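Enquirer: Residue numbers (full-length UniProt numbering), protein chains in the order written: chain A, 1 to 480; chain B, 1 to 296.
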Amino acid sequence: MLTWLSLLFLALFALAAFLLGRGRALKAAGGASVRLHSLPNYYGAYAALWAGAPAALLLLLGAVFGGRIEEAVLQAERPAAIASLTPDRQDVFFSDARAIAAKESPSEVVYEGDLKTALDAKVEESRKVTATVRYSTIALAALVALIGALLALPRVGLEFRARNRVEGWINGLLIACSVAAVLTTLGIVLSLVWESWRFFQSVSPLSFLFGTEWSPQIAMRADQVASSGAFGAVPLFAGTFLIMLIAMLVAAPVGLYSAIYLSEYADRRVRSIVKPLLEVLAGVPTVVYGFFAALTVGPLFRAGFNAIGEGMAGGPLDGIAQYLMQVQNQMALVAGVVMGIMLIPFVSSLSDDIINAVPQSLRDGSYAMGATKSETVKKVILPAALPGIMAAMLLAVSRAVGETMIVTMAAGLQAKLTANPLDTVTTVTVQIVTLLTGDQEFDSPKTLSAFGLGLTLFVVTLALNIIALRIVQKYREQYD
Amino acid sequence: MTFTHPKAPALVQGHAMPTQNRDASVAAPVIHTAVPQGHGVVESRDFKIRARDVKVFYGEKQALFDVNLDIPAKSVTAFIGPSGCGKSTFLRCINRMNDTIPSARVQGSIEIDGADVNAKSVDPVVLRSRVGMVFQKPNPFPKTIFENVAYGPKIHGLATRKDELEAIVESSLKKAGLWNEVADRLHQPGTGLSGGQQQRLVIARAIAVSPEVILMDEPCSALDPIATAKIEELIDELRSQFCIVIVTHSMAQAARVSQKTAFFHLGKLVESGPTEEMFTNPRDSRTQDYITGRFG
Chain A
1 MLTWLSLLFL
11 ALFALAAFLL
21 GRGRALKAAG
31 GASVRLHSLP
41 NYYGAYAALW
51 AGAPAALLLL
61 LGAVFGGRIE
71 EAVLQAERPA
81 AIASLTPDRQ
91 DVFFSDARAI
101 AAKESPSEVV
111 YEGDLKTALD
121 AKVEESRKVT
131 ATVRYSTIAL
141 AALVALIGAL
151 LALPRVGLEF
161 RARNRVEGWI
171 NGLLIACSVA
181 AVLTTLGIVL
191 SLVWESWRFF
201 QSVSPLSFLF
211 GTEWSPQIAM
221 RADQVASSGA
231 FGAVPLFAGT
241 FLIMLIAMLV
251 AAPVGLYSAI
261 YLSEYADRRV
271 RSIVKPLLEV
281 LAGVPTVVYG
291 FFAALTVGPL
301 FRAGFNAIGE
311 GMAGGPLDGI
321 AQYLMQVQNQ
331 MALVAGVVMG
341 IMLIPFVSSL
351 SDDIINAVPQ
361 SLRDGSYAMG
371 ATKSETVKKV
381 ILPAALPGIM
391 AAMLLAVSRA
401 VGETMIVTMA
411 AGLQAKLTAN
421 PLDTVTTVTV
431 QIVTLLTGDQ
441 EFDSPKTLSA
451 FGLGLTLFVV
461 TLALNIIALR
471 IVQKYREQYD
Chain B
1 MTFTHPKAPA
11 LVQGHAMPTQ
21 NRDASVAAPV
31 IHTAVPQGHG
41 VVESRDFKIR
51 ARDVKVFYGE
61 KQALFDVNLD
71 IPAKSVTAFI
81 GPSGCGKSTF
91 LRCINRMNDT
101 IPSARVQGSI
111 EIDGADVNAK
121 SVDPVVLRSR
131 VGMVFQKPNP
141 FPKTIFENVA
151 YGPKIHGLAT
161 RKDELEAIVE
171 SSLKKAGLWN
181 EVADRLHQPG
191 TGLSGGQQQR
201 LVIARAIAVS
211 PEVILMDEPC
221 SALDPIATAK
231 IEELIDELRS
241 QFCIVIVTHS
251 MAQAARVSQK
261 TAFFHLGKLV
271 ESGPTEEMFT
281 NPRDSRTQDY
291 ITGRFG
């Protein structure tokens, strides 16, 4: 509340600085703003920025880190009564003290005797510290705002380059935003690496990367069956790859051909209907595809394979027939095909945009040479659009690799190392979900293995992207 | 980039013309007003292209009104006129490039060596292999120089062996006056050449399929004066082998390169005749006004 109020005051102060700066500039120019180096508003903005921005930053920092400072001050001194508690109880004690001071609800621990006295003392101390930190922050901010305004305003004059200065501030803001994005990513990667490091201390990286058995269950009791977990990630990556491959076999040709039809052959009326339809399809949530896969496509495929099996039974391929007859609903093929269908509008829409971006002059050039439509598409348009199409395909691949819902619902959870599309498989993402949902201990290898999987997946997709970029750069056919 | 014909919107005015049966227009008596008389550079029997009553519509708008024009073989014919006058539209009728614009409709007859290009039996793909075209902006394909020139011969199956193809590419580049500049980098991208070189590459690409007619739609408007001079020189050399039709905004260029000139205005062919005559003694006052720079 106090922070918001002081921010409001600061905004008013900045507004005042704006008006002063602008007025000063106009006065220096004798009312003829053309004599100024920059537009009058830039002088105002310059003064307002110096008056407002550093102080606002200070207030924000105070709001974010104020609590930390209070905590540190409060915990610096621990009377004997507190020191006798276990570290856990000490934490509870301090948080209670702060809660009571802030008039919030403390825990239900009852403090008596020495502890009660200590608590009261700490509550009192907490109130003081909080007030000190708050008011000193606000005082400091006010001082900074005042100094900023006093420094900025006298500089405003005819020759002062206010526009360049303000643009410098904006430049800084843009840099800060991009740095924030980069730092966040870096933070995620670092936490991934850190947790994986912890995981790899209990499971060797070699057995993780090259092990062919995945059963992350750790025994609760020593006498349990399968009492040791196995963390071989190969079946998961194989499953991910298998499903991605099936999905791309469906999505790449269908998506690309429909894009070619839409951009080169369809007349304007068809295009104006089909293209928005495709884009609507691209917006269907994946969980909808998931139950479509589990409830419709799965049983359909199973019925089909079972029927084929019955037809072949007793014949020369009886072994295969027997297998087909007992195929279940959940299989890699179903997940892959439905995921492919999900990716069709994605691939098609991206490729269509890319093909449309090929200049019309190239088409004209080709037609004027007596090329047919298909020759033009094959020899001029597709080669020119190839880098873009490759990029679209790789985006589709990364979506396929990252897709979780459809696989969870349609491909099963069993980690099998198989290339058989009729078998159940599981993927990296599905395993991460199953490992981290529900109550988990954060120091067992079972939970930590999710980070190992995440890191490996991250490295794999990163490598894919780098390779793709290289290919695109190498085979880029430039137009214009 | 979506395609809109640059000339289409300008042609708003225009009275509706009665639609004519194509066969009737072919049978109609030849109108001789457009044919050069007396001291012409060309004889009437050397005409390569004969256009009769050509009308073009873009949707509801008529862009070209009853054009009658004979274009001589083995010489350069220039189309001049202000922007939006229909000269490019007419040029694109000759190789049926207007087919690629969904709203365009062409009526009347255009004969090349006596055969109507709009006849049902004519495949535009075959027609365009006989009638090459060079565009305003150089549009080499994003392929190597070699592949650009080899494009036409390959799709039309003109070469069965690699050395034949190489020979065609070399001779085309030589004819286009580009061989000396690119002989050592045939396998580098054509898009890496300068604008003037690109335009000559595109001309080489067009002549690689040995067309009879080459249409050029303002081929020098995107080029600097030196590159323009080279292209004009090239056009003059190619005249001995091809029937060349060039659309140009520069009257000086028309005067320099062409033997015959046709002046278009507001979708109509105002006047045509030997270039020298057109520029020294135009019959129509509108032609006079245009070439003396009073409008356009």
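Every residue, glycine too, gets a C-beta built ideally from N, C-alpha and C. Since we're looking at a predicted model, the values are computed, not measured.
Taking DSSP as the reference, what is the three-state secondary structure of Y58/B?
Expert: Residue state, collapsed to three classes: strand.
Enquirer: Just the C-alpha distance for T86/A and F93/A, rounded to the nearest angstrom, thanks.
Expert: So the two alpha carbons sit approximately 10 Å from each other.
Enquirer: Could you compute how far the alpha carbon of L186/B sits from the alpha carbon of E237/B?
Expert: Rounded to whole angstroms, L186/B to E237/B spans 23 Å at the Cα level.
Enquirer: Distance cutoff 9 Å, beta carbons only. Does L462/A sit that close to anything in chain B?
Expert: Not an interface residue.
Enquirer: Does the stretch 191–203 of chain B come close enough to the stretch 347–359 of chain A to have 3 or more Cβ pairs within less than 8 Å?
Expert: No, the stretch 191–203 of chain B is not in contact with the stretch 347–359 of chain A.
Enquirer: For the alpha helix (DSSP H) containing M133/B, name the first residue and the last one.
Expert: That residue, M133/B, is in no alpha helix (DSSP H); its beta strand (DSSP E) goes V131 to V134.
Enquirer: Taking Cβ positions only, does A266/A come closer than 9 Å to chain B?
Expert: No - not a single Cβ of chain B is within 9 Å of the one on A266/A.
Enquirer: Cα-Cα, which of L413/A, A152/A, L146/A and G113/A is closest to A25/A?
Expert: The shortest Cα separation from A25/A among L413/A, A152/A, L146/A and G113/A belongs to A152/A.
Enquirer: Can you tell which of L20/A, S126/A, F199/A and M342/A has its C-alpha closest to the C-alpha of A102/A?
Expert: Out of L20/A, S126/A, F199/A and M342/A, S126/A has the C-alpha closest to the C-alpha of A102/A.
Enquirer: For A104/B, which of helix, strand or coil comes out of DSSP?
Expert: In the structure shown, A104/B sits in a strand (DSSP, three-state: E or B).
Enquirer: When you check each C-beta in the stretch 344–378 of chain A against every C-beta of chain B, which residues fall closer than 7 Å?
Expert: Going along the stretch 344–378 of chain A in chain order, one finds P359, Q360, S361, L362, D364, G365, Y367, A368, M369, G370, A371, T372 and E375 with a Cβ nearer than 7 Å to chain B.
Enquirer: Measuring alpha carbon to alpha carbon, tell me which residue in P383/A, M342/A, P345/A and D352/A is nearest L362/A.
Expert: Residue P383/A is the option with its Cα nearest to L362/A.
Enquirer: Secondary structure at N420/A, three-state DSSP: helix, strand or coil?
Expert: DSSP places N420/A in coil when its eight states are reduced to three.
Enquirer: DSSP has A51/B in a bridge; who is on the other side?
Expert: L69/B and I110/B, per the DSSP bridge assignment.
Enquirer: Alpha carbon to alpha carbon, what distance is there between V245/B and G152/B?
Expert: About 20 Å.
Enquirer: The beta strand (DSSP E) that contains G273/B, what's its start and end?
Expert: Unbroken beta strand (DSSP E) run through G273/B: K268 to P274.
Enquirer: Is DSSP giving D217/B helix, strand or coil here?
Expert: Strand.
Enquirer: Please look up how many angstroms separate the CB atoms of T77/B and A222/B, rounded, as I've assumed it's under 8 Å.
Expert: With a Cβ gap of about 22 Å, T77/B and A222/B do not count as contacting.
Enquirer: Under the rule that 16 or more other beta-carbon atoms within 10 Å means buried, what is D318/A, buried or exposed?
Expert: So D318/A ends up on the exposed side.
Enquirer: Taking all protein chains shown into account, do 16 or more other C-beta atoms lie within 10 angstroms of the C-beta of T456/A, making it buried, or fewer, making it exposed?
Expert: Result: buried.
Enquirer: Which residues bound the beta strand (DSSP E) around A262/B?
Expert: First-last of the beta strand (DSSP E) with A262/B: K260 to H265.
Enquirer: Would V156/A and A28/A qualify as a contact pair, given that the criterion is a beta-carbon distance under 9 Å?
Expert: The answer is yes: Cβ separation under 9 Å.
Enquirer: Give me the DSSP bridge partner(s) of V247/B.
Expert: DSSP, once it has assigned bridges, lists F79/B and D217/B as partnering V247/B.
Enquirer: Taking the alpha-carbon of V209/B as reference, which of L91/B, R128/B and P219/B has the nearest alpha-carbon?
Expert: If we check each option's Cα against that of V209/B, R128/B comes out closest.
Enquirer: Go ahead and pull the three-state DSSP assignment for A411/A.
Expert: Here A411/A sits in coil by DSSP.
Enquirer: Quick one: grab the DSSP three-state call for F160/A.
Expert: Note: F160/A maps to coil in three-state DSSP.
Enquirer: Run the CB neighbour count on residue 482/A, radius 10 Å, all protein chains shown included, and call it buried at 16 or more, exposed below.
Expert: Because chain A is modelled from 1 through 480, residue 482/A falls outside the range shown and cannot be assessed.
Enquirer: Can you have a look at C177/A and say buried or exposed, based on whether 16 or more other CB atoms are within 10 angstroms of its CB?
Expert: Label assigned to C177/A: exposed.
Enquirer: Would you kindly report the start and end of the unbroken alpha helix (DSSP H) that includes P154/A?
Expert: Residues G113 to R155.
Enquirer: Please indicate yes or no: does the CB of I291/B lie closer than 8 Å to some heavy atom of the ligand MN?
Expert: With respect to the ligand MN, the structure shown offers nothing to examine, as it has no ligands at all.
Enquirer: Which first and last residues belong to the alpha helix (DSSP H) in which G157/B is found?
Expert: Careful: G157/B lies outside any alpha helix (DSSP H) and carries neither H nor E.
Enquirer: Assign T437/A to buried or exposed, taking buried as 16 or more other Cβ atoms, counted over all protein chains shown, within 10 Å of its Cβ.
Expert: Classification for T437/A: exposed.
Enquirer: For W214/A, which residues does DSSP report across the bridge?
Expert: DSSP lists F231/A as partners of W214/A.
Enquirer: When you compare only the Cα positions, how much space is there between P82/B and K55/B?
Expert: Cα to Cα, the separation comes out at about 18 Å.
Enquirer: So, at 6 Å on beta carbons, what are the nonlocal neighbours of A230/A in its own chain, with the 5 sequence-adjacent residues on each side left out?
Expert: Hits under 6 Å: E213 and S215.
Enquirer: Taking its Cβ as the centre, do 16 or more other Cβ atoms sit within 10 Å of I82/A, making it buried, or is it exposed?
Expert: Buried, by the Cβ-count rule.
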